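Undergrad: Chains as they are written, first to last, in the numbering used here: chain A, 517 to 863; chain B, 3 to 695.
Please read through the structure below; I'll follow up with questions.
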Amino acid sequence: MKDEVREICDRAFEELSYLKSLENRKDQKNQKNLQDLRVKYLGKKGLLTVLLKSLGKLPREDRPAAGKIINEAKARLESAIEDTGRSVKALQEKRVIESRRIDVTLPGFFIPQGRQHPINQVLDEVCEVFTSMGFRVEEGPEVEDNYHNFEALNIPNEHPARDMQDTFYVAGGFVLRTHTSPVQVRVMEREKPPVRVVAPGKVYRCDSDQTHTPMFHQVEGLLVDRNISMADLKGVLEAFVHSIFGSKTPVRLRPSYFPFTEPSAEIDIGCVICGGAGCGVCKKTGWIEILGAGMVNPKVFEFSGYDPEEYTGFAFGLGIERVAMLKYGIDDLRLFFENDIRFLEQF
Amino acid sequence: MLVSVAWLKDFIDTGLSVDKLCHALTMAGLEVEGLESEKEGAKDTVIEINVTPNRPDWLSVFGVARELAAILGAKPLTVPAADIRESEKPAEVLVEVAVPDLCPRYAARVIRNVKVTPSPEWLANRLKTVGIRPINNVVDITNYVLMEFGHPLHAFDLSKISKSRILVDLAREGEVFTTLDGIERSLSAQMLTIRDAAGPVALAGIMGGLDSEVTGDTVDVFLESAYFDPALIRKTSKLLGLRSESSYRFERGTDIEGLIQALDRAASLIVQEAGGEICGGRIDVYPTINKYTPSEIKLTTEKTNRILGINLSTADIESIIKRLNFDVCMKGDDLVVTPPTYRRDVMHDIDLIEDIARLYGYNNIPVKLPEGTMPAGRINKRRNLIQRIKTLLRKNGFSEAINYSFMNTVHLDVLGIGESDYRRTAVINLLNPLRAEEAVLRTTLVPALLENLGRNLNRGTSGLKLFELSKVFVRSQGKQLADERLHLAAVLSPETAKTLYQPQVNGFYELKGALETIFHDLKITGTSFNASDSENFLQVGQAAEIRIADKTIGFIGRIIPDVLEHFGTQAGEAYVFELDADGLLGSISLEKVCFRRLPRFPHVDRDMALLAPVSLPSDKVIKAVEEFSNDLITHVRIFDMYQGKGIPEGKKNLAYSVRYQSAERTLTVAEVDSIHVSLIEHIKKTLGVELRE
Numbered sequence: 517m518k519d520e521v522r523e524i525c526d527r528a529f530e531e532l533s534y535l536k537s538l539e540n541r542k543d544q545k546n547q548k549n550l551q552d553l554r555v556k557y558l559g560k561k562g563l564l565t566v567l568l569k570s571l572g573k574l575p576r577e578d579r580p581a582a583g584k585i586i587n588e589a590k591a592r593l594e595s596a597i598e599d600t601g602r603s604v605k606a607l608q609e610k611r612v613i614e615s616r617r618i619d620v621t622l623p624g625f626f627i628p629q630g631r632q633h634p635i636n637q638v639l640d641e642v643c644e645v646f647t648s649m650g651f652r653v654e655e656g657p658e659v660e661d662n663y664h665n666f667e668a669l670n671i672p673n674e675h676p677a678r679d680m681q682d683t684f685y686v687a688g689g690f691v692l693r694t695h696t697s698p699v700q701v702r703v704m705e706r707e708k709p710p711v712r713v714v715a716p717g718k719v720y721r722c723d724s725d726q727t728h729t730p731m732f733h734q735v736e737g738l739l740v741d742r743n744i745s746m747a748d749l750k751g752v753l754e755a756f757v758h759s760i761f762g763s764k765t766p767v768r769l770r771p772s773y774f775p776f777t778e779p780s781a782e783i784d785i786g787c788v789i790c791g792g793a794g795c796g797v798c799k800k801t802g803w804i805e806i807l808g809a810g811m812v813n814p815k816v817f818e819f820s821g822y823d824p825e826e827y828t829g830f831a832f833g834l835g836i837e838r839v840a841m842l843k844y845g846i847d848d849l850r851l852f853f854e855n856d857i858r859f860l861e862q863f
Numbered sequence: 003m004l005v006s007v008a009w010l011k012d013f014i015d016t017g018l019s020v021d022k023l024c025h026a027l028t029m030a031g032l033e034v035e036g037l038e039s040e041k042e043g044a045k046d047t048v049i050e051i052n053v054t055p056n057r058p059d060w061l062s063v064f065g066v067a068r069e070l071a072a073i074l075g076a077k078p079l080t081v082p083a084a085d086i087r088e089s090e091k092p093a094e095v096l097v098e099v100a101v102p103d104l105c106p107r108y109a110a111r112v113i114r115n116v117k118v119t120p121s122p123e124w125l126a127n128r129l130k131t132v133g134i135r136p137i138n139n140v141v142d143i144t145n146y147v148l149m150e151f152g153h154p155l156h157a158f159d160l161s162k163i164s165k166s167r168i169l170v171d172l173a174r175e176g177e178v179f180t181t182l183d184g185i186e187r188s189l190s191a192q193m194l195t196i197r198d199a200a201g202p203v204a205l206a207g208i209m210g211g212l213d214s215e216v217t218g219d220t221v222d223v224f225l226e227s228a229y230f231d232p233a234l235i236r237k238t239s240k241l242l243g244l245r246s247e248s249s250y251r252f253e254r255g256t257d258i259e260g261l262i263q264a265l266d267r268a269a270s271l272i273v274q275e276a277g278g279e280i281c282g283g284r285i286d287v288y289p290t291i292n293k294y295t296p297s298e299i300k301l302t303t304e305k306t307n308r309i310l311g312i313n314l315s316t317a318d319i320e321s322i323i324k325r326l327n328f329d330v331c332m333k334g335d336d337l338v339v340t341p342p343t344y345r346r347d348v349m350h351d352i353d354l355i356e357d358i359a360r361l362y363g364y365n366n367i368p369v370k371l372p373e374g375t376m377p378a379g380r381i382n383k384r385r386n387l388i389q390r391i392k393t394l395l396r397k398n399g400f401s402e403a404i405n406y407s408f409m410n411t412v413h414l415d416v417l418g419i420g421e422s423d424y425r426r427t428a429v430i431n432l433l434n435p436l437r438a439e440e441a442v443l444r445t446t447l448v449p450a451l452l453e454n455l456g457r458n459l460n461r462g463t464s465g466l467k468l469f470e471l472s473k474v475f476v477r478s479q480g481k482q483l484a485d486e487r488l489h490l491a492a493v494l495s496p497e498t499a500k501t502l503y504q505p506q507v508n509g510f511y512e513l514k515g516a517l518e519t520i521f522h523d524l525k526i527t528g529t530s531f532n533a534s535d536s537e538n539f540l541q542v543g544q545a546a547e548i549r550i551a552d553k554t555i556g557f558i559g560r561i562i563p564d565v566l567e568h569f570g571t572q573a574g575e576a577y578v579f580e581l582d583a584d585g586l587l588g589s590i591s592l593e594k595v596c597f598r599r600l601p602r603f604p605h606v607d608r609d610m611a612l613l614a615p616v617s618l619p620s621d622k623v624i625k626a627v628e629e630f631s632n633d634l635i636t637h638v639r640i641f642d643m644y645q646g647k648g649i650p651e652g653k654k655n656l657a658y659s660v661r662y663q664s665a666e667r668t669l670t671v672a673e674v675d676s677i678h679v680s681l682i683e684h685i686k687k688t689l690g691v692e693l694r695e
């Protein structure tokens with residue numbers, strides 16, 4: 517009996533290992549053969565099952581030992597078949613997965629994104645810096661009347677200060693605003709202090725050459741409250757320069773003249789191109805003019821009905837194109853308005 | 003203004019290197035814009051100073067020296083010398099000022115028996131270094147003193163002054179006069195002239211006359227030093243388009259009290275260089291009523307410190323102000339300040355405060371952040387929505403363009419915009435355009451975008467998506483001249499290069515889809531696109547009006563090839579839309595959003611395939627479903643449109659999916675089927691379509 521069991525087992529394992537050796541090649545069939553093998557040895561009429569059923573023929577005392585042998589053999593074979601089955605299945609799954617391998621280096625699907633115009637990027641960035649300091653964004657008309665563009669800003673007719681800006685005139689005493697400053701006036705006409713506004717927008721000058729375009733962009737700012745001093749002006753504008761050009765950028769103020777502010781100042785930053793050593797952009801001075809600013813002229817307050825003895829404030833204005841040129845190293849102003857996609861896509 | 007450093011040294015020895023000198027000037031408001039170091043031959047440095055319009059007193063070498071003395075403090079200032087030795091002979095010139103309000107002061111001297119020759123080297127060189135061409139010793143001296151003192155002078159050949167009579171009066175209307183530059187000018191009655199018995203001999207404060215100029219033959223010189231009304235000079239100079247060193251200074255305001263000093267300095271230099279003798283008695287027409295007395299200004303230490311954010315003592319302030327030659331006295335706690343006559347710009351305490359800040363040094367003012375109340379309402383909602391629209395367009399692949407607000411009216415013709423179209427009739431003209439192509443403000447964004455399209459495609463770009471969100475300007479009858487409307491426009495030229503995944507979508511639908519993204523994101527409802535041929539630059543049958551709640555806000559469509567060709571591109575296909583962005587912003591209903599409970603019962607979808615005439619707009623079916631108005635229908639969408647093989651000629655297959663759902667219960671199949679059948683019946687009846695089995 518022992519020998520018979522061993523013989524059957526040996527045969528079974530031999531067949532199994534043969535099947536295993538085939539598994540790399542034809543696994544589909546292999547599964548079936550494995551099933552056949554199980555039926556052949558372990559099925560209802562399988563060799564080992566038959567043997568087990570024939571135990572009755574043995575003497576009673578021999579039965580447990582023989583039964584144990586057969587059952588052990590069955591268990592061994594069963595688990596070997598199962599192992600083989602599992603590994604065949606795993607291999608099969610692996611093959612499927614392999615066959616579905618994709619090229620992860622192919623580009624993803626997306627709609628190529630459009631770009632924001634660099635002028636508006638800078639404009640938004642500038643506005644954001646000021647809104648974070650409590651300023652509100654305001655807008656005003658681009659076709660402006662003489663009063664708001666000039667008179668209320670203390671630029672009377674026949675005043676040499678008019679020469680500071682070449683003006684486009686339209687009918688009826690209207691002009692294309694030469695600066696965003698009239699928005700100051702409009703805000704002050706509407707609101708009582710405290711006021712903190714920035715006014716971004718297009719402005720126009722009757723001038724066109726390498727360094728001038730007839731239309732460009734400015735951001736105007738106005739802060740009015742009690743006890744606002746030139747020290748506050750310096751604080752706010754230094755904070756602005758540092759957030760746009762980096763916190764280590766040197767800033768200096770020097771006296772200047774605008775009819776609507778007094779004292780007036782130009783704010784220079786250390787040249788971002790040469791780091792202050794002197795180059796073509798800063799005309800070898802190491803400094804670049806970036807902002808015009810000043811304490812609001814009491815006359816401007818009077819035009820708007822604010823009491824200059826009660827309130828003080830400061831105003832400032834900056835050219836966005838200039839900031840964008842410095843920030844991105846753009847050397848030709850006209851590129852901004854050609855809308856060449858190869859230019860726009862860089863920002 | 004050009005200033006010679008050597009000349010400056012005549013008046014002040016700063017002891018500073020040129021670099022330090024420039025820095026000191028710049029930081030006090032005399033911005034040094036350029037430097038010309040040691041020109042060949044001349045041992046001198048010329049600096050270019052940008053003088054702001056409020057400071058005419060800086061428009062001279064001496065003016066700059068005087069300011070330097072104030073800036074540096076404690077440096078002695080030398081005043082240009084005048085050595086006047088009058089002869090016994092009287093001047094024998096009669097001066098009359100007919101308009102003392104326009105010429106508040108008129109002074110002159112007569113110098114006889116001069117010898118007019120080319121200037122000596124020192125004089126010619128100094129003028130050359132500051133960019134003035136030497137002419138002869140007498141003329142050069144007037145220019146020299148102009149540059150030195152900042153006060154313009156004029157020398158006449160006295161023999162050319164008819165009857166030795168000078169009259170300062172307005173020109174006669176239409177009078178013709180030839181100025182020194184040889185140009186014949188027609189004068190008007192608003193212009194001020196210096197006249198003799200025969201007519202004008204000079205345009206007051208602007209330029210002398212050709213006939214009375216000092217030449218080699220001149221023997222007697224009439225030397226004028228006057229003060230003219232700045233606004234009048236400016237107006238005349240603008241009217242004639244004639245600017246001179248003289249008008250430049252007069253229109254900014256010269257020193258009415260200093261003009262004698264300039265006159266005497268020039269007279270004494272003429273005698274020194276050209277010989278001759280100064281006639282006895284200076285002519286000086288200066289009516290008492292015109293006498294300029296600077297007003298006293300009250301200044302408090304408190305206000306000075308409050309505005310500048312510093313903490314100066316009254317004594318500090320007084321000492322700074324005195325450096326600028328202001329007279330100061332105390333009245334109680336206040337300072338009472340009288341500016342010198344050359345500082346007409348100083349009229350209020352704020353002007354003094356500016357000067358104090360300047361000399362104290364802007365960079366010595368501390369840095370702080372404002373305290374006090376933060377104004378409320380800081381968010382600009384409209385701007386945020388605009389940003390959101392722009393972001394959506396970018397996500398759909400459109401890059402942002404910015405074009406000039408000007409328009410070429412020829413482009414309106416190219417686009418076939420009709421004679422009565424407001425985009426033509428309500429256009430706003432510039433009175434002084436730079437170019438004919440930029441003579442009006444634009445009423446539509448389309449031409450500029452088409453120009454951008456043409457330029458890009460010509461430069462080799464394939465596939466372009468650009469948008470612009472900018473104002474257009476329409477003449478209005480209101481208080482403002484222009485109705486400034488925010489418009490949104492976009493152009494699309496389909497990508498022609500092969501791509502890896504991209505499904506081919508008709509350009510029209512791609513562009514429309516970008517718009518629908520906006521509608522969807524901003525919850526703009528009631529939008530529709532209605533076939534329309536109203537725009538002549540759009541292809542018939544491929545264009546539509548864009549509507550929101552039955553109001554037309556714009557158009558979309560394919561651009562006809564002729565128009566594209568005009569804008570320089572052969573690209574067969576391009577699409578455009580333009581709409582009123584304010585109309586769009588006004589229809590946003592983001593804030594009306596109200597939460598709806600999520601459905602608890604399942605939905606059932608039923609499809610219907612319809613055989614419809616090719617001409618039937620697909621949205622008619624959607625509208626018919628809405629009209630059917632069954633509460634259980636929650637949604638309908640088109641998922642297929644097909645014509646061609648298998649579909650009869652003139653027909654198309656439209657397939658829709660209808661969703662049924664109840665908030666109260668699970669719907670039964672029988673119930674849904676029965677509604678669906680009657681829905682189809684309704685559609686068949688109202689639209690004359692057939693159900694495709």
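We put the CB at the ideal spot given by N, CA and C, even for glycine.
Here the structure is a predicted model, which is why all the values come from computation and not from measurement.
(1) From which residue to which residue does the alpha helix (DSSP H) around B/S248 run?
(2) Within 8 Å (strictly less), CB to CB, does B/L433 reach chain A?
(3) When DSSP labels each residue in this structure, what does B/I635 get in the three-state scheme?
(4) How would you label B/D480, buried or exposed, when you count the other beta carbons within 10 angstroms and need 16 or more for buried?
(5) Should B/Y424 be labelled buried (16 or more other beta-carbon atoms within 10 Å of its own) or exposed?
(6) For the segment 722-738 of chain A, list every residue whose C-beta sits within 9 Å of some C-beta in chain B, in sequence order.
(7) Under 8 Å Cβ-Cβ, which residues of chain A neighbour B/S400?
(8) Which same chain residues, not among the five before or five after B/P120, have their C-beta less than 8 Å away from its C-beta?
(9) Skipping 5 residues on each side, what residues in its chain have a beta carbon closer than 7 Å to that of B/S620?
(10) Starting from the C-beta of B/T180, find all residues in its chain whose C-beta is less than 8 Å away, skip the five residues before and the five after it, and write them out in chain order.
(11) Examine chain B for any beta-carbon lying closer than 8 Å to the beta-carbon of A/V703, and answer yes or no.
(12) Is A/S949 close to chain B? Criterion is C-beta to C-beta, closer than 8 Å.
(13) Could you tell me whether any Cβ in chain A is nearer than 8 Å to the Cβ of B/G311?
(14) In whole angstroms, what is the alpha-carbon distance linking A/N529 and A/L550?
(15) Can you pull the chain A neighbours of B/T519, defined as C-beta to C-beta under 7 Å?
(16) Residues of chain B with CB under 9 Å from A/F625, in chain order?
(17) Please check if any C-beta of chain B sits within less than 8 Å of the C-beta of A/V686.
(18) Run down chain A in chain order and give the residues with a C-beta less than 7 Å from the C-beta of B/F475.
(19) Rounded to whole angstroms, what is the Cα-Cα separation between B/N52 and B/D347?
(20) When you measure from the CB of B/L395 to every non-hydrogen atom of the ligand HEM, does any distance come out below 7 Å?
(21) Specify, as a first and last residue, the run of the beta strand (DSSP E) that B/T340 falls within.
(22) On the DSSP bridge assignment, give the partners of B/M149 in chain order.
(23) May I have the straight-line CA-CA distance separating A/P628 from B/E497, to the nearest angstrom?
(24) Report the start-end ranges of each alpha helix (DSSP H) in the segment 648-678 of chain A that is 4 residues or longer and not cut off at the edges.
(25) Using a beta-carbon distance below 8 Å, is B/S248 in contact with chain A?
(26) What residues in the segment 461-485 of chain B have a beta carbon less than 7 Å from any beta carbon of chain A?
(27) Can you give the Cα-Cα distance for B/A499 and A/V797, rounded to whole angstroms?
TA: Taking the structure as given:
(1) 247-254
(2) yes
(3) strand
(4) In the sequence under discussion, the amino acid at residue 480 of chain B is Gly, which differs from the Asp named in the question. It is exposed - the Cβ of B/G480 has fewer than 16 other Cβ atoms within 10 Å.
(5) exposed
(6) C722, D723, S724, T729, P730, M731, H733
(7) Note that residue 400 of chain B is Phe in the sequence shown, not Ser. Those within 8 Å of B/F400 in chain A are G630.
(8) A126, P136, N138, N139
(9) I640, M643, L656
(10) E186, R187, G211, L212, D213
(11) no
(12) The structure shown does not extend to residue 949 of chain A, since chain A spans only 517 to 863, so no value can be given for it.
(13) yes
(14) In the sequence on display, residue 529 of chain A carries Phe and not Asn. So the two alpha carbons sit approximately 12 Å from each other.
(15) Going along chain A, no residue has its Cβ under 7 Å from B/T519, so there is no contact; the nearest lies around 10 Å.
(16) L502, Y503, Q504
(17) yes
(18) V659
(19) 17 Å
(20) In terms of ligand content, the structure shown is empty, and the ligand HEM therefore cannot be addressed.
(21) 336-340
(22) DSSP, once it has assigned bridges, lists no residue as partnering B/M149.
(23) 12 Å
(24) 662-665
(25) no
(26) R461, T463, L466, K467, L468, K473, F475, Q482, L483, A484
(27) 41 Å
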